[in-house]
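Working notes, structure below.
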Amino acid sequence: MGELQGRKFILGITGGVAAYKSAELLRLLVKAGAEVQVVLTEAGARFVTAVTYQALSGRPVWTDLWDPRADNNMAHIELGREADAILVAPATADFIARVANGLANDLLTTLCLARELPLLLAPAMNRQMWENPATRRNIDSVVADGVGILGPAAGDQACGEVGMGRMLEAEELYEALVTFVQPKPLAGRRVLMTAGPTFEAIDPVRGVTNLSSGKMGYALARALIHAGATVDLVSGPVALPVPAGVACIAVRSALEMRAAVMDHVDRAEVFIAVAAVADYRPRESQTHKLKKSGDALQLELVPNPDILAEVAARPQPPFCVGFAAESRDLDRYALHKLEAKRLQMVVGNLVQIGLGGDDNEVVIYDRAGRHPLARDDKHRVAAAIVAHLAAALAAR
Ligand code: PMT
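At position 239 of the sequence shown the residue is numbered 247 (the numbering used here), and the sequence of numbers has no breaks.
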């Protein structure tokens, strides 16, 4: 099941070059299970036609205030009845001006004026238009009316200039909508977490590391943001984009990870250790590349500090959640970690399933017992872990 299953949106599209991104946004929303009704302005139809949006959404596009398909000719009332939100992307300077002034001279502006549901605008325009005092006034005015503004971003513009006014990318708008519709049980909570592997250097080109991809930790960081938390993520070397809204501190070794965690832990109410931290590091990292010889090479390894155990042993520790990746006897080892490190929760997973791939199958262990979760995509597993965490925090 997609993460937007059962959600309904109205996607308003006005006349801007960025409309090509809205076709991709529509595809992402539909793929995630959302029902999307596209409402296109006359100018919007000049950039990408209704045929594209109809094919992507699987439903006819609305353009006309006087469309006889609506009961009582009230399309502006009917369309907004069941949706979770209206997102207008791209929202041109002209469209924002009309919304700011309460105009209702086409279907989309009339829908916005007659709405009871939240309205989000993704501005897209040339930088001078964005900076013009009239646009600034209009933006202030719609924000004061409770409208959400997503973006814009700075960068290359269709007119050849560079500056503020680019519409956010489809993936960014998708993320903003997912965050918008999620309940916020962790609002006001600050979470510090670790993710990914660590890399313990042997010399400038070689090191000791492991197969953690960071996917589980990054999915958890994203789910925490969706739930309203503030997230500081200390991440080992991974090839993943940082989820929107997450403050990421990039580190390489276990010692760097420890230092970053200790820098941030005072402010954290919750600490979640997802990282596969190397238990050992080479006693010495060589300054120059080791040269090959016919002899055996001895590498002396020394233990790394246990970051999670150190955080949990602080006089006033945050709520500590550990992970346990095991290849067998998951219950026994995970429960041992819960006790030995004095944690509030441990998420256990088998390395055969959880390490590196897109899916995971976990068991949550806490003082109330053992809570197995079904095997699923890491994003949905992360959402379930966050729901469990939120309930545990609320019950404290
Ligand atoms: O990154 P992916 O490919 O998505 O894979 C996810 C994962 C399998 C790495 C993840 O789900 C997971 O299980 N992480 C914990 C890995 C592990 O082996 O933990 P551990 O048994 O070594 O350590 C137990 C706990 O102590 C963990 O929370 C760990 O972060 C923490 N720890 C361990 C050693 C250390 N020096 N410092 C620590 O903080």
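For every residue, glycine included, the Cβ atom is placed at its ideal position computed from N, Cα and C.
Per the C-alpha coordinates, the member of Pro-193, Ser-293 and Gly-236 positioned closest to Val-213 is Ser-293.
Looking at the DSSP output, Leu-19 shares a beta bridge with Val-46 and Leu-95.
Measuring C-alpha to C-alpha distances from Val-239 to each of Ala-252, Pro-245 and Ala-247 identifies Ala-252 as the nearest. When the Cα atoms are used, Gly-173 and Lys-299 turn out to be separated by approximately 53 Å. With respect to Ala-342, Leu-316 sits apart: the two C-beta atoms are not nearer than 8 Å. Here Phe-331 is bridged, per DSSP, to Val-355. Taking a contact to require three or more Cβ pairs closer than 8 Å, the stretch 387 to 399 and the stretch 359 to 375 qualify as touching.
Annotated three-state conformation of Leu-194 is coil, per DSSP.
Here the distance from the Cβ of Gly-222 to the nearest heavy atom of the ligand PMT is below 7 Å. By the C-beta criterion, the stretch 223 to 237 is judged not to be in contact with the stretch 44 to 52, since fewer than 3 inter-stretch pairs fall below 8 Å. A distance of 8 Å or more separates the beta carbons of Ala-262 and Thr-217.
Burial of Glu-183 is indicated by the presence of at least 16 other C-beta atoms within 10 angstroms of its C-beta. Under the 10 Å beta carbon count, Met-133 is surrounded by 16 or more other beta carbons and is classified as buried. Taking 8 Å as the cut-off, the Cβ atoms of Val-310 and Arg-336 do not count as close. Cβ neighbours of Leu-219 within its own chain (closer than 6 Å, five residues either side excluded): Leu-363 and Gly-364.
Here Glu-169 is exposed, its C-beta having fewer than 16 other C-beta atoms within 10 Å. Residue pairing by DSSP places Asp-271 opposite no residue, since no beta bridge is assigned to it. Looking at the backbone, the Cα of Ile-18 and that of Arg-266 are separated by about 46 Å.
Bounds of the beta strand (DSSP E) holding Ala-162 are 161 to 164. Comparing C-alpha distances from Gly-163 to each of Gly-156, Glu-177, Ile-157 and Val-150 shows the shortest one belongs to Glu-177. Taking 7 Å as the cut-off, one finds at least one heavy atom of the ligand PMT near enough to the beta carbon of Phe-331. With a threshold of 7 Å, the Cβ atom of Pro-126 does not count as near the ligand PMT, since no heavy atom of the ligand is closer than that.
Excluding residues up to 5 positions away in sequence, Leu-37, Ala-40, Gly-41, Ala-42 and Val-186 lie with their Cβ nearer than 7 Å to the Cβ of Leu-12 in the same chain. In this structure, His-272 sits near Leu-200, with a CB-CB distance shorter than 8 Å.
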